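Following full-length UniProt numbering, the numbering of the sequence shown begins with 1 at its first residue and continues without gaps. Virtual Cβ for every residue (Gly too), placed ideally from N, Cα, C. Keep in mind that this is a model prediction, so the values were computed, not measured.
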Amino acid sequence: MMVQGNSTRTGAETTAIGSADIAVLGLGVMGRNLAANLADHGAVVAGYDLDEGRRGAFAAQVGNAIACASVEELLGALKAPRTILMMVPAGAPVDELTAALLPRLAPGDVLIDGGNSHFRDTNRRAALAATAGVRFVGLGVSGGEEGARRGPALMAGGDAEALAPVAPLLAAIAARAPDGESCFARVGPEGAGHFVKMIHNGIEYADMQLIAEAYHLLREIGGCSYERLADIFAEWNGGELASYLMEITTDILRTKDGETGAPILEVIRDAAGQKGTGHWAATTALELGMPAPTIAEAVHARCLSALKDERVRAAEALAIPHVPSTEDLVTSVGDALLSGRIAVYAQGFAVIAAGSRQFGWDVDLAAVARIWRGGCIIRARLLDRILTALNRAPELPNLMLDPDIAGLMTRGDAGFRRVVAAATLAAVPVPAMASALSYWDGYRSGRLWANMIQAQRDYFGAHGYERTDRPGMVHTEWKGA
Numbered sequence: 001m002m003v004q005g006n007s008t009r010t011g012a013e014t015t016a017i018g019s020a021d022i023a024v025l026g027l028g029v030m031g032r033n034l035a036a037n038l039a040d041h042g043a044v045v046a047g048y049d050l051d052e053g054r055r056g057a058f059a060a061q062v063g064n065a066i067a068c069a070s071v072e073e074l075l076g077a078l079k080a081p082r083t084i085l086m087m088v089p090a091g092a093p094v095d096e097l098t099a100a101l102l103p104r105l106a107p108g109d110v111l112i113d114g115g116n117s118h119f120r121d122t123n124r125r126a127a128l129a130a131t132a133g134v135r136f137v138g139l140g141v142s143g144g145e146e147g148a149r150r151g152p153a154l155m156a157g158g159d160a161e162a163l164a165p166v167a168p169l170l171a172a173i174a175a176r177a178p179d180g181e182s183c184f185a186r187v188g189p190e191g192a193g194h195f196v197k198m199i200h201n202g203i204e205y206a207d208m209q210l211i212a213e214a215y216h217l218l219r220e221i222g223g224c225s226y227e228r229l230a231d232i233f234a235e236w237n238g239g240e241l242a243s244y245l246m247e248i249t250t251d252i253l254r255t256k257d258g259e260t261g262a263p264i265l266e267v268i269r270d271a272a273g274q275k276g277t278g279h280w281a282a283t284t285a286l287e288l289g290m291p292a293p294t295i296a297e298a299v300h301a302r303c304l305s306a307l308k309d310e311r312v313r314a315a316e317a318l319a320i321p322h323v324p325s326t327e328d329l330v331t332s333v334g335d336a337l338l339s340g341r342i343a344v345y346a347q348g349f350a351v352i353a354a355g356s357r358q359f360g361w362d363v364d365l366a367a368v369a370r371i372w373r374g375g376c377i378i379r380a381r382l383l384d385r386i387l388t389a390l391n392r393a394p395e396l397p398n399l400m401l402d403p404d405i406a407g408l409m410t411r412g413d414a415g416f417r418r419v420v421a422a423a424t425l426a427a428v429p430v431p432a433m434a435s436a437l438s439y440w441d442g443y444r445s446g447r448l449w450a451n452m453i454q455a456q457r458d459y460f461g462a463h464g465y466e467r468t469d470r471p472g473m474v475h476t477e478w479k480g481a
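Structural data, given as structure tokens:
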């Protein structure tokens, strides 16, 4: 976003010197709705966007609004120390805006990035801002347009001093969990907030993929009508599987296309888009050496779906077996969906813990579970169990080691296996479910296949290996053995 202002002002734009509590730079859908939310909670909000129409919409929608015609006017409208919330696309626009703002800010001012920035970019920008005495906050925001307006989940990264002036306002505009707690927390310094938001999005990718696979299985193998599917998902949403994504899936299954009257899913092209945060989550897990296969598989699944034309040609050329099933799959698919979701959350929290250790952030995992219970896309009943588990054992290395959560996995184990086996026999791809099952099996296997890999590495690369009967690295002269 360029920061040059234009001197033309609409009739709706007004100015006031030093009266605004917070400024929002970038008045697209998310920025404008967050501004309205802030105003609802008593804040006087100054706003600026290059687009004159957006400035007008901001002035019309937001009470306590000061719609500014330039960045200079915006900065002049703020009380000191000044707090600016940037709501612009991640990447170069944030760098450009930060570089333009820093010379105009004073020590003690707070600059917040509320976009989906990569946590490493946030680390770099925080260090740059510190040289000017400006406090930088990386704010992960989840909940979409409605969440921004009515209450999102907010994951803040920055030092405690930087957050102190704005924490009460952020806590006020955040969603409320079912027990009334605010879904805002400072999760750590620097880019910790954007790191946690990145993993949130990775979990979101995987949970969406699991749900999509459950729907596809029940259509392709179970032969369920859309009406029956909607009833099944509604029933599941009343139990352990209750979540925002299950709720909207039920609505989707009941929705008809306005033009044809057909179920809406029949007219939606099966090629999924993505914006990159799932990819970031998967690659960061790899960089940290922390397995998150279902998150990675969800990204791969979207990539595969995007090859629509190739898939259509392959479907015509390559025969797919049809294996009829008389077994009622509904209960088993529900078991697989819950078990897969547990595995995904286990992967996500393990990656957050690994990142916290690697970067020295001291992230409170229980606080993450607490703020994810409301407002955000992945809010789910399961998070109550996760919060209990982490309060009980804050250093728990993996959620699947909690007795309560492990009990859920164990109870669903047989159904989980039946579903993956049935899908394989029927040639119905279930990449997320299959990877989640392998993660569950691999994590609880006392002995894996890695001894063969170590032997191979030593054979061709003399990398050495550890023996089972004594400590230390050894090497075998394989060709003479």
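{"Query": "Excluding the 5 residues flanking G472 on each side, which residues of the same chain have their C-beta closer than 8 angstroms to its C-beta?", "Result": "E466"}
{"Query": "To the nearest angstrom, how far is the alpha carbon of G276 from that of T476?", "Result": "44 angstroms"}
{"Query": "Only counting runs of 4 or more residues, tell me where the alpha helix (DSSP H) segments fall wholly within the region 272-350, in order along the chain.", "Result": "277-288, 293-306 and 308-317"}
{"Query": "Contact between the region 186-194 and the region 135-143: three or more CB pairs below 8 angstroms?", "Result": "yes"}
{"Query": "Work out the CA separation of W280 and Q209 for me, nearest whole Å.", "Result": "17 angstroms"}
{"Query": "Using 8 angstroms for Cβ pairs, my map puts P263 next to Y215. What's the rounded Cβ distance?", "Result": "The pair is not a contact, with the Cβ atoms about 11 angstroms apart (cut-off 8 angstroms)."}
{"Query": "If contacts are defined as beta-carbon pairs under 8 angstroms, then V88 and L25 qualify, I think. What distance do you get, rounded to the angstrom?", "Result": "7 angstroms"}
{"Query": "Please classify D113: does DSSP put it in a helix, a strand, or coil?", "Result": "strand"}
{"Query": "Does the count of Cβ pairs from the region 150-165 and the region 177-189 closer than 8 angstroms reach three?", "Result": "yes"}
{"Query": "Over what stretch of residues does the beta strand (DSSP E) that includes I22 continue unbroken?", "Result": "I22 to L25"}
{"Query": "Alpha carbon to alpha carbon, what distance is there between A282 and G289?", "Result": "11 angstroms"}
{"Query": "Quick check: R370 and A185, are their CB atoms within less than 8 angstroms of each other?", "Result": "yes"}
{"Query": "How big is the Cα-Cα spacing for D21 and R313?", "Result": "58 angstroms"}
{"Query": "Return the chain-ordered ranges of every alpha helix (DSSP H) run that is complete within the region 71-100 and spans a minimum of 4 residues.", "Result": "71-76"}
{"Query": "Can you list, in chain order, the residues of its chain whose CB lies under 6 angstroms from that of V3, leaving out five sequence neighbours each side?", "Result": "Unreliable positioning characterises V3 in this predicted model, as indicated by a pLDDT of 45, which lies under 50. A coordinate reading is not provided."}
{"Query": "With a CB to CB cut of under 7 angstroms and the five nearest residues on each side skipped, what residues in its chain are close to A171?", "Result": "S182 and F184"}
{"Query": "If distances are taken between C-alpha atoms only, which option among D335, L437, D113 and I199 comes closest to V368?", "Result": "I199"}
{"Query": "Tell me where the alpha helix (DSSP H) around S435 begins and ends.", "Result": "P431 to Y443"}
{"Query": "Can you list the alpha helix (DSSP H) stretches of 4 or more residues lying completely in the region 239-278, in chain order?", "Result": "244-254"}
{"Query": "When you compare each of G278, D179 and G222 to L387 by their alpha carbons, which one comes out closest?", "Result": "D179"}
{"Query": "When you compare each of D113, A106 and E73 to A92 by their alpha carbons, which one comes out closest?", "Result": "D113"}
{"Query": "Under 8 angstroms between the Cβ atoms of A167 and A153?", "Result": "no"}
{"Query": "Give the DSSP bridge partners of I66, in chain order.", "Result": "A46"}
{"Query": "Between L105 and D231, what straight-line distance do the alpha-carbon atoms span, to the nearest angstrom?", "Result": "56 angstroms"}
{"Query": "Would a C-beta distance cut-off of 8 angstroms place L229 and L253 closer than the cut-off?", "Result": "yes"}
{"Query": "Could you compute how far the alpha carbon of G151 sits from the alpha carbon of R470?", "Result": "56 angstroms"}
{"Query": "Between Y244 and R411, which are expected to be in contact by the criterion C-beta below 8 angstroms, what is the C-beta distance as a whole number of angstroms?", "Result": "Actually they do not touch by this definition, with Cβ atoms about 24 angstroms apart."}
{"Query": "Does the region 400-416 come into contact with the region 256-272, if we say contact requires no fewer than three beta-carbon pairs (one atom in each stretch) closer than 8 angstroms?", "Result": "no"}
{"Query": "Less than 8 angstroms between the CB atoms is what I'm expecting for T83 and V45, so what's the real figure, rounded?", "Result": "With a Cβ gap of about 10 angstroms, T83 and V45 do not count as contacting."}
{"Query": "Taking residue 483 as the reference, give the member of G42, R32 and H41 with the closest Cα.", "Result": "There is no way to answer for residue 483, as the model of the chain reaches only from 1 to 481."}
{"Query": "Please work out which residues of its chain come closer than 8 angstroms, Cβ to Cβ, to R457, disregarding the five sequence neighbours upstream and downstream, and give them in chain order.", "Result": "H463 and Y465"}
{"Query": "Comparing C-alpha positions only, which one of A296, G144, S332 and P103 sits nearest to A132?", "Result": "P103"}
{"Query": "For A80, which of D384, M86, Q61 and G18 has the nearest alpha-carbon?", "Result": "G18"}
{"Query": "Three or more C-beta pairs under 8 angstroms: does that hold for the region 326-335 against the region 391-401?", "Result": "no"}
{"Query": "Measuring only the C-alpha atoms, how far is L97 from K308?", "Result": "38 angstroms"}
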